[in-house]
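Beneath this line is the structure, given in structure tokens, with notes to follow.
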Ligand SMILES: Nc1ncnc2c1ncn2[C@@H]1O[C@H](COP(=O)(O)OP(=O)(O)OP(=O)(O)O)[C@@H](O)[C@H]1O
Ligand SMILES: Nc1ncnc2c1ncn2[C@@H]1O[C@H](COP(=O)(O)OP(=O)(O)OP(=O)(O)O)[C@@H](O)[C@H]1O
Ligand SMILES: [Mg+2]
Ligand SMILES: [Mg+2]
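Residue numbers (the working numbering), protein chains in the order written: chain G, 115 to 413; chain P, 1306 to 1629; chain B, 11 to 509; chain S, 80 to 410.
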């Protein structure tokens, strides 16, 4: 079983973040810090700057410093296994945030406490399902992928592609990476819209690229929401507002505010409760039908 | 490393400076943080940073010839994928495959530089792109799991006589590198080429062949780092290695080697790499103290500032450089 | 004696411009052959082709009984040819010992045998009567010392043929004598030598036969013994040489002139200890001394390159402390430095830009270079100095050594300076042009220019200088006016011991 | 003195050989265009032309400064980070976060001046490290490469700044005579740099510093001042490019503005035929070099080459373009 956690007044908690180069990660870090401060815990925070290897080293330095528990947002499924195992060996419980590790190599409840997060594949799937229902004859899709090789990019692509192909009648005319960034997403969209003037749907793996795509569509003299449907994942404030404005057709939420749930789970574990292997985040879905009412709740 | 002991020129003095800074930083950490000198921290520090010391060694040789190798990070990533894929056959297939991939990349670098006469910066920049591309293609955009059954993970994860195996590997490489540079005639040739390729050619050196071998060696060391990467973290990682080249370049320079070539020290490069790596480790510990919770942003500002201080000190010590 | 080397009908062109158009050269075993010709005649190109540094366009080479076509200097070195190229080629940051043994390092069990290397190097260096630390990087030494190291490297190479491209251009007579002794000893052991040089006396002293080149062709070859200097020069130039007249002025006849630039007890570092000298309006002042006596470094201090640590400099009676060359230039001082490759040319730049580099700020019209005036000046100096080039836009690195030197001279002449310091003014310049250049300096001096001429050639000093200051070991030990100038006096002063 | 006749060619300064060498990169460029016309769907359209020009504008602006730095024998890795800093500063200025400004016109004007000035100062700081402390350019500029983005992130706390300020965004969204403003800006900057190198004293002095620094000093050229100047220009141009990027996106994200720009810019300079060792500055070449890189990117995207394969193709094309360029140079 995973190492136990003693019940204490206050804790020294480690949070190994994978990177801080996008609004989503920044919101996640903020949420963790705020919650730790609220509870009066000491937070040891590291940033792996996008390197799985460095993240393992970061976790090791937390182990060396003798933290009580480690929150780990693993950069990747497989390379973080050694970190999980090292913590287990050192008797420090690990709680995974937003991405899981390879289930063949490590198991929740045995090697680490649990995984808290959404399902990236499912997010892509929900976008595709919405599109299949609300396409209104639109069928030619440009897909703006996240950073090549990253797991959200792979999973969001997998979920979407499989579902939309199964639905039939749709064609993904181009699928290229926009690096999860607004500027790159815009440039790629600009180019792809030139090469595929007949495209009428753009599916972006995150809000930033979707907003970039909107400006590319406008520059090409077309109207987002009318000529071209834009779909996105993340559901931040700006994107939800865009849904209200009609420029984005639909967006799946992927809420970065992990703080409350993470520390609550930790408290439950300290009390000795059994923790389910996957603490699922419930993600909202915004489209024209509900965006206005729900926009206040977007992060 | 023996050359470090008696300062002969101001260059040696600069190298002594690195050692002093290293010692000061260790002392600082030991006094300030609990568990800083704990065996766990030391061992995991060595295990992880062996990869960087390896590529810094290759980089030192390339820089001594007056070149530069920007491809080391990409090559390491690509090698880690190759190693992971081959590790299912046997541990040595993974090892040989990873190094082999590095050798191929290094050889291509060398040939493009010497035969096509393309500047090292551009040649190796292109190789960086190409090796990431190859890694992603081979790995199908995902990490590739290594085999846990063939003993491949022993290379990166196990210890031997109390020291992590990667640290042994790095030690071996440094001793070999030191012998080549300081004790073999080819070391003199590498240095002379860095002094000026055209001149070296007129002096009768086989410039092209030596340069090709140096780039090949840098590739092989990056390949070895890739093998350790795959073995230590249990996966070949096609997107790892970003920025490693800058770390390696900074290590070499902090070690007192001039980017203009013609001079340099293997031992001081090791000290330079350890110094920079230690700065990361210390930042993590500082965060753990909880006085100031440094955001990632402040960390990069501090790292930049640290580099600045080190190179300015270096420049001050190496007064020789100002003369001309 | 049998033929060691035979080059037949060698041709070579650079970018469509012919440098060699049918050159032939034959050297017998164990003989010393002189190769002479004007600047740009193609001598250096010929030997670079022989040693594989360049590839020939046509012709045949036989060496030591085989048809050869070396593809790199490394190959020719292994084939038995040791070469000293015109621009000193050593690895600057490597030590003297390492440079001497580069590529044939003594080994023990495959490892470098440093002791053997160091001892060997010391022995060779001592043989050349140098007293330097063989563990020091060669960049620490003066051009002359480096030249000696390059020679030492070449003569210890155990070759069949030794090629020397102007090895003596930066040496003084003492070292030349040492060098010639060494060459003669080696010749006794069967070594053949190809010697390129512009100083006729040296050629006659050393060589047995001569090959004359002109315009990329061989125009004559034969024994040197019967050939008069006049005939040799006529062959070289294709015309008669103007008589080498005495150019210096007798100061008693012309009277004392006002001092323009004065150095009083100047010193810096250990090389320049106590130098006093004065440059007067309209005079050529020679600066003589042995290798390492501190002449070049005095010039560098005077010009603001190195820092003045002791003593005073005054210009036109006012105290000066030049911290940068630009300050000295502002006073109308110019310096043609000793090492043209390192301190002189900007290799990739055109002749035009190289020549006008110091003048440029004055060619500015609304921030823009006045091309018309620039062209006018460049063309004028190419003509007056007889610079052999394809066009003013040619990169200077493509010029022959002597022609590069002329461009550098023009660089300062075109600024219309008031003081001109020239460190080895005729280094590498052929005999025809040399007289012309000395005459030109004379004329400029007569128009009021002050010249400081640092030279290792006594002949040149005797001919052109109005007075000579002699340095020994960083101290000015004598100041000889024209009427006291003689070879014996100069040599006596140069050998003066200070402590 | 009648030595050999010196044939002086005057007036006809551009020999055919020089022309061919200039065409080295140009040949690659034309080949790419022809390839695209044949293969890429919908390539020949005004809008495609527009997209490519606007996308290349920032690379050209930065690469122009980089060309100057490289021609002195240096290199500037900090350009991307300086873009991020200026990109972070501008919205802070016109949104009044730095200090309150009542007058919008003034605020927008300051939003141009302050960020560019700060970037220029940081560039001068690079130059100071290189000259005053004799730190090698790669390492000297590595300091700001690492720390600079951090500074921008600290200033904004990593947060995105979103805005809609048409007067400010004119440099990226506006049109002058039907040409996008950023393209006009790019052309003006390239033309100025070209004139600087070709016609001015300073230009020649810059090349002399890169060609032989010791010789340059001995001819009275203020070597240190010139070096500081080129780093400053490089910084200022990077700052300007940063403004273009954020104006185009209506948002400033310190995490990504200018990310990887240093490599694009250096590649453009190299493909354009300037030696990285200094002494040469081919501004037209840099312009074409940047266009080649942009077209390669467009070609790969438009033809659906997956990212991984695109990296390999891009690598090969860079090598090929530089190789062709050098071949042509040797003729
Ligand atoms: N790399 C080159 N590119 C173009 N032209 C060259 C090159 N090297 C030499 N030349 C030309 O070839 C001719 C012969 O030059 P070379 O250096 O052989 O003359 P030289 O006889 O050695 O003269 P000097 O006595 O001045 O050293 C010159 O006109 C020179 O400009
Ligand atoms: N005994 C020596 N033999 C050879 N070189 C020496 C000796 N002593 C000093 N040097 C070198 O001479 C240089 C200083 O001489 P400097 O060049 O100023 O004098 P110089 O009289 O102009 O000599 P040169 O004729 O070589 O130019 C130094 O670089 C030093 O390394
Ligand atoms: Mg010559
Ligand atoms: Mg001298």
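Even for Gly, the Cβ is constructed at its ideal location relative to N, Cα and C.
All of these numbers come straight from a predicted model, not from anything done at the bench.
Contact set between residue i and chain B, taken where Cβ atoms lie within less than 8 Å
{"i": "residue 1568(P)", "result": "103"}
Residue i CB to nearest heavy atom of ligand 1 below 8 Å
{"i": "residue 56(B)", "result": "yes"}
{"i": "residue 248(B)", "result": "no"}
{"i": "residue 52(B)", "result": "yes"}
{"i": "residue 440(B)", "result": "yes"}
{"i": "residue 224(S)", "result": "no"}
{"i": "residue 255(S)", "result": "no"}
{"i": "residue 409(B)", "result": "yes"}
{"i": "residue 215(S)", "result": "no"}
{"i": "residue 359(B)", "result": "no"}
{"i": "residue 1383(P)", "result": "no"}
{"i": "residue 24(B)", "result": "yes"}
Any non-hydrogen atom of ligand 3 closer than 8 Å to residue i Cβ
{"i": "residue 353(B)", "result": "no"}
{"i": "residue 157(B)", "result": "no"}
{"i": "residue 176(B)", "result": "yes"}
{"i": "residue 415(B)", "result": "no"}
{"i": "residue 314(S)", "result": "no"}
{"i": "residue 48(B)", "result": "no"}
{"i": "residue 412(B)", "result": "yes"}
{"i": "residue 98(B)", "result": "no"}
Chain-ordered chain S contacts of residue i [CB-CB under 8 Å]
{"i": "residue 377(B)", "result": "279, 280 and 281"}
{"i": "residue 306(G)", "result": "380 and 381"}
Contact list for residue i against chain B, beta-carbon separation under 7 Å
{"i": "residue 1620(P)", "result": "Residues of chain B passing the Cβ test: none, with the nearest at roughly 18 Å."}
Within chain G, the residues that residue i reaches when beta carbons sit closer than 9 Å
{"i": "residue 343(S)", "result": "By Cβ distance, chain G contributes nothing, its closest Cβ being about 12 Å from residue 343(S), past 9 Å."}
Interface partners of residue i on chain S, CB under 7 Å
{"i": "residue 136(G)", "result": "334"}
{"i": "residue 1555(P)", "result": "218 and 221"}
Within chain P, the residues that residue i reaches when beta carbons sit closer than 7 Å
{"i": "residue 113(B)", "result": "1508, 1509 and 1510"}
{"i": "residue 397(S)", "result": "1427 and 1431"}
{"i": "residue 108(B)", "result": "1493"}
Chain G contact residues for residue i, given Cβ-Cβ distances below 7 Å
{"i": "residue 1590(P)", "result": "175 and 179"}
Residues that residue i contacts on chain P, provided the C-beta gap is smaller than 9 Å
{"i": "residue 420(B)", "result": "Within chain P, no residue comes near residue 420(B); the closest Cβ sits about 25 Å away, beyond 9 Å."}
Partners in chain S for residue i, counting only beta-carbon separations shorter than 9 Å
{"i": "residue 1617(P)", "result": "208, 212 and 214"}
Entirely enclosed beta strand (DSSP E) segments - the stretch 166 to 195 of chain B, minimum 3 residues = 171 to 175
Give, in chain order, every unbroken run of the alpha helix (DSSP H) that is at least 4 residues long and sits entirely within the stretch 224 to 276 of chain S.
-> 245 to 252
Chain G contacts from the stretch 1534 to 1546 of chain P (Cβ-Cβ distance under 7 Å) = 1534, 1537, 1538, 1539, 1540, 1542, 1543, 1544 and 1545
Taking a Cβ distance cut-off of 8 Å, strictly less, list which residues of the stretch 284 to 313 of chain S are near chain B, in chain order.
-> 284, 286, 287, 290, 291, 293, 294, 295, 296, 297, 298, 299, 300 and 301
In the stretch 1411 to 1427 of chain P, which residues sit with their C-beta less than 9 Å from some C-beta in chain S, listed in chain order?
-> 1417, 1421, 1422, 1423, 1424, 1425, 1426 and 1427
Using Cβ-Cβ distances below 7 Å, what residues of the stretch 342 to 372 of chain B are close to chain S?
-> 345, 347, 352, 353, 354, 355, 356, 357, 358, 359, 363, 367, 368, 370 and 371
For the stretch 1432 to 1451 of chain P, enumerate the residues whose C-beta is nearer than 7 Å to any C-beta of chain G, in chain order.
-> 1441, 1446, 1447, 1448 and 1450
Got a sec: which bits of the stretch 74 to 90 of chain B sit with their beta carbon under 9 Å from any beta carbon on chain P, in order along the chain?
-> 82, 83, 84, 85, 86, 87 and 88
Any alpha helix (DSSP H) of 4 or more consecutive residues that is wholly inside the stretch 1377 to 1463 of chain P | 1377 to 1391, 1396 to 1419, 1425 to 1444 and 1459 to 1462
Pull out every residue of the stretch 151 to 163 of chain G whose Cβ sits closer than 8 Å to any Cβ of chain P, in chain order.
-> 156, 157, 158, 159, 160, 161 and 163
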